């Protein structure tokens, strides 16, 4: 009799433990689905309306622990022969939406690191070197035209090419990205910089700005001239990451996310600006790719102006 009673108690405890574990697993599944619903909707909106690229591999990497927990909890429910979704899921989801309705209608009170970098770069630099100020500076494209006349050369595309490196590393001279001992490939060589721009900015008298000119030497054709430089905020970010012991606030920064935000925001701002639209071109460069930077830039020039070879001859 005592043995039957003890066996019965043990069986009840096992059932209670199984029910407890299954309920924990069910609510883990609920909370994960509810929590990811909003950011998933935001990502889908960005992909449809802002042409943002969904990087699933990076998403999986960032949410690996959450995905594992979701899978394990789902398996617990499956082996417990319980439904994945109960009637209480809808109530929980509606309650979540009601509690977060203000957040859905309110714009973020802070900007991301990449967005701030893009805005600062545009207002603090591009807006000084691209449009004419109607006084001292004639404007970027006219500056190139004057440079062409002075040096008797031709820029087939009169835009400022801004290089955004995946590695964040921005060398002092872009010839660093040339492939050594590869005379069959194009290469970059620095030329004399474009004429300096002098402005009074934020209490600084006669502040100077300048853009770099390079030639792309080609094994099968004449050199191609262009104005190109790395995005200085990316160089700054590289130094911040390298000295992260000084910046504990951004110790866990996601470099790719920052670059994506920077590139997307800067592209949108340039496209909206009447003074800078069509005068600045962003170039993403992966140092681990098969192509050197000179090849990537030539591809970009060719995409903008397929007939650039003839343009060079016509301007000559």
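In our numbering, the protein residues as written are 105 to 420. Backbone N, C-alpha and C fix where the C-beta goes; we use that ideal spot for every residue, glycine too. Here the structure is a predicted model, which means the values were calculated and not measured.
Item                                                                                                      : Value
Three-state secondary structure (DSSP) of residue 404                                                     : helix
CB of residue 290 within 8 Å of CB of residue 398, strictly                                               : yes
CA-to-CA distance, residue 241 to residue 268, given in whole angstroms                                   : 26 Å
Residues that DSSP places opposite residue 325 in a beta bridge                                           : 322
Check whether residue 328 and residue 402 have beta carbons under 8 Å apart                               : yes
Reference residue 246; option with closest CA among 331, 216, 373                                         : 331
As assigned by DSSP and simplified to three states, the class of residue 291                              : strand
Pairwise C-alpha distance: residue 324 and residue 220                                                    : 42 Å
Residue range of the unbroken beta strand (DSSP E) whose run includes residue 264                         : 264-269
Spatially closest choice to residue 296 from 283, 372, 315, by CA coordinates                             : 315
Beta-carbon proximity list for residue 208, same chain, < 6 Å, skipping 5 on both sides                   : A caution first: residue 208 carries a pLDDT of 49, below 50, which makes its placement in the model unreliable, though a value can still be read off. Hits under 6 Å: none found.
Neighbourhood of residue 218 by C-beta, 6 Å cutoff - its chain only, sequence neighbours within 5 removed : 362, 365, 366
Residue 344 to residue 226 span [Cα, whole Å]                                                             : 20 Å
Selected residue, minimal CA-CA separation from residue 278, among 250, 170, 293, 229                     : 293
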